[in-house]
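Visitor: Would you mind keeping the following structure in view while I ask a few things?
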């Protein structure tokens, strides 16, 4: 969807197990090192306007959370218009996780089954940690000989969807799809039976899994071209068809001679820029506190001089409790501003509903979320005020 660095959004609204600040932190770094911008998606509704500007959207194992019809429609349109969508599940599929991803994925000819893959022979120490070697030649499997896919469910693949990797003939279930892809409109979809394929300390401890991660996201972001399943079959049989290449697919926009060290440096600059922005805000805040301290010091010194008729060195630093009172006051002020912002947003939602530009379902859901937020902020303010009152008595 965009030029230059591709933007990947990892959902955090569905209680996803794959989170870029924890279980997927290593994956996030791998992607950043390969020209992707990685961000969490935190808007409580998945809507076309909030997806705009991104190239790939990831639902990494939603847990006890179901997509709303409007959210599924938004993601279908996202793919239709050229977005990449990655859906990852876990052992037990939708039923085991109490989600409804298959209602979305079946649009593309793929469904998550209520199964638990085990392989007594080909595994990484445990039957539930199968090593997958039944891999189809495709750009997403280029330079890959095996994949560790722990705690996975199998997939049901139909229509124009294509199986990329499947369990061994000795596994349970045998010879069953575990990774599948599909193209829909201008976009692409990948479904994987386990989010642990990319988990830190899980699948990503394997070199091939890291290569697969980069290949997969490049394909989803349309950095690499796709071919028809018939071309894949032809390549496997040793035949050639127009457009078929030795590796079945080829990279079309990524130069082969890019220096990896230079790429790491460029990505480090992007990260440094973000850190500088954060530090600038902290410095500005500290400057305001210093000015406040100077004013207090000057006021105290002047009063002392007037009362005693001489200049007495004033305290240059406040007590620990005085500092705490000031810090709590600043926190309370910030929370009160946040409540004001939430109230303004609530008023805006009310106006949209009154004008008929917002459905009743969306209105009720947003009002509920905003009211819960205000209640939480109010409770926090009360707690902070109580702490401040206690500190004031000790100051």
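Numbering (the numbering used here), first residue to last: 6 to 400. Beta carbons are placed, not taken as given, at the ideal position from N, Cα and C, and that holds for glycine.
How is residue 194 classed by DSSP in three states: helix, strand or coil?
Guide: Residue mapping note: residue 194 aligns to position 189 of the chain shown, counting from 1. Strand.
Visitor: Please confirm if the segment 200–213 is in contact with the segment 172–180, defined as three or more CB-CB distances below 8 Å between the two stretches.
Guide: Taking 8 Å as the limit for Cβ pairs, the verdict is that the segment 172–180 does not touch the segment 200–213.
Visitor: With three or more C-beta pairs closer than 8 Å as the rule, is the segment 30–38 touching the segment 213–221?
Guide: The segment 213–221 is in contact with the segment 30–38.
Visitor: Among the residues of its own chain, which have a CB less than 7 Å from the CB of residue 84, if the five just before and after it don't count?
Guide: Working through the chain shown from its first residue, we reach residue 84 at position 79. Counting only Cβ-Cβ distances below 7 Å, and skipping sequence neighbours, we find 90, 189, 190, 192 and 194.
Visitor: Taking the alpha-carbon positions, what's the residue 402 to residue 364 distance?
Guide: Nothing about residue 402 can be reported from this structure: the residues present for the chain run from 6 to 400 only.
Visitor: Pick helix, strand or coil for residue 77, following the three-state DSSP scheme.
Guide: To locate residue 77, count along the chain shown from 1; it is residue 72. Three-state result, residue 77: helix.
Visitor: Taking the C-alpha atoms as reference points, what is the distance between residue 54 and residue 12?
Guide: Your numbering for residue 54 matches position 49 in the chain shown. Your numbering for residue 12 matches position 7 in the chain shown. Going from the Cα of residue 54 to the Cα of residue 12 covers about 15 Å.
Visitor: Measure from the alpha carbon of residue 86 to the alpha carbon of each residue in 382, 132, 145 and 56, then state which is nearest.
Guide: Here residue 86 is taken as the residue at index 81 of the chain shown, counted from 1. If we check each option's Cα against that of residue 86, 56 comes out closest.
Visitor: Quick one: Cα of residue 258 to Cα of residue 163, how far?
Guide: Residue 258 sits at position 253 when you count from the first residue of the chain shown. Residue 163 sits at position 158 when you count from the first residue of the chain shown. With a pLDDT of 42 at residue 258, under the threshold of 50, the modelled position of this residue cannot be trusted; read the value that follows with caution. Whole-angstrom Cα-Cα distance: 30 Å.
Visitor: Locate the beta strand (DSSP E) running through residue 14, then write down its first and last residues.
Guide: Here residue 14 corresponds to residue number 9 of the chain shown, with the count starting at 1. Unbroken beta strand (DSSP E) run through residue 14: 11–16.
Visitor: Does the beta-carbon distance from residue 183 to residue 172 come in below 8 Å?
Guide: Within the chain shown, numbered from 1, the residue matching residue 183 stands at position 178. Within the chain shown, numbered from 1, the residue matching residue 172 stands at position 167. Yes, the pair counts as a contact, with Cβ atoms nearer than the cut-off.
Visitor: Put residue 200 into one of helix, strand or coil per three-state DSSP.
Guide: Reading the chain shown from its first residue, position 195 is the one you call residue 200. It is helical.
Visitor: By the DSSP assignment, the beta strand (DSSP E) with residue 168 in it spans what residues?
Guide: Counting from 1 along the chain shown, the entry for residue 168 is found at position 163. 167–171 is the extent of the beta strand (DSSP E) around residue 168.
Visitor: Near residue 146, which residues of its chain fall below 8 Å by C-beta distance, leaving aside the five closest residues on each side in sequence?
Guide: Along the chain shown, read from residue 1 onward, the residue named residue 146 stands at position 141. Closer than 8 Å at the Cβ level, and outside the excluded window around residue 146, lie 140, 169, 170, 217 and 220.
Visitor: So the alpha helix (DSSP H) residue 106 belongs to, where does it begin and stop?
Guide: On the chain shown, residue 106 is found 101 positions in, with the first residue counted as 1. It spans 106–110 - the alpha helix (DSSP H) in which residue 106 sits, taken as one unbroken run.
Visitor: Would the segment 95–103 count as touching the segment 38–55 if we require 3 or more Cβ pairs under 8 Å?
Guide: These segments do not touch.
Visitor: Beta-carbon within less than 7 Å of residue 116's beta-carbon, same chain only, minus the 5 sequence neighbours each way: which residues are those?
Guide: Translated into the one-based positions of the chain shown, residue 116 becomes position 111. Hits under 7 Å: 107, 110, 160 and 161.
Visitor: Measure the Cβ-Cβ separation of residue 75 and residue 15 and say whether it is below 8 Å.
Guide: Within the chain shown, residue 75 is the residue found at index 70, counting from 1. Within the chain shown, residue 15 is the residue found at index 10, counting from 1. In this structure, residue 15 does not lie closer than 8 Å to residue 75 by Cβ.
Visitor: Output the distance between the C-alpha atoms of residue 334 and residue 144, rounded to the nearest integer angstrom.
Guide: As a first step, residue 334 is located in the chain shown; it is residue number 329 there, counting from the start. As a first step, residue 144 is located in the chain shown; it is residue number 139 there, counting from the start. Using only the alpha carbons, I get a separation of about 57 Å.
Visitor: Between residue 114 and residue 165, what straight-line distance do the alpha-carbon atoms span, to the nearest angstrom?
Guide: The count along the chain shown starts at 1 and reaches residue 114 at position 109. The count along the chain shown starts at 1 and reaches residue 165 at position 160. Residue 114 and residue 165: Cα-Cα distance of roughly 7 Å.
Visitor: So who's on the other strand from residue 161, going by DSSP bridges?
Guide: Indexing the chain shown from 1 puts residue 161 at position 156. DSSP, once it has assigned bridges, lists 116 as partnering residue 161.
Visitor: Taking residue 155 as the reference, which of 174, 224 and 127 has the closest Cα?
Guide: As a working mapping, residue 155 is identified with position 150 in the chain shown. It is 127.
Visitor: Cα-Cα, which of 197, 137, 222 and 229 is closest to residue 211?
Guide: Residue mapping note: residue 211 aligns to position 206 of the chain shown, counting from 1. Of 197, 137, 222 and 229, the residue nearest in Cα terms is 137.
Visitor: Taking the straight line between their C-alpha atoms, what separation do you get for residue 103 and residue 199?
Guide: The count along the chain shown starts at 1 and reaches residue 103 at position 98. The count along the chain shown starts at 1 and reaches residue 199 at position 194. One C-alpha to the other measures close to 15 Å.
Visitor: Would you tell me roughly how many angstroms separate the C-alpha atoms of residue 71 and residue 341, rounded to the nearest one?
Guide: Your numbering for residue 71 matches position 66 in the chain shown. Your numbering for residue 341 matches position 336 in the chain shown. Rounded to whole angstroms, residue 71 to residue 341 spans 33 Å at the Cα level.
Visitor: By Cβ distance below 7 Å, which residues in the same chain neighbour residue 226 in space, the five residues on each side in sequence not counted?
Guide: The residue given as residue 226 occupies position 221 in the chain shown. Contacts found: 11, 60, 61 and 89.
Visitor: From 112, 398, 105 and 101, pick the residue whose C-alpha is nearest to that of residue 121; which is it?
Guide: Position 116 of the chain shown, counted from the first residue, corresponds to residue 121. Closest by alpha carbon: 101.
Visitor: Could you spell out where the alpha helix (DSSP H) holding residue 379 opens and where it closes?
Guide: In the chain shown, residue 379 corresponds to position 374, counting from 1. Its alpha helix (DSSP H) spans residues 365–399.
Visitor: Excluding the 5 residues flanking residue 351 on each side, which residues of the same chain have their C-beta closer than 6 Å to its C-beta?
Guide: Stepping through the chain shown from its first residue, residue 351 is reached at position 346. Counting only Cβ-Cβ distances below 6 Å, and skipping sequence neighbours, we find 375.
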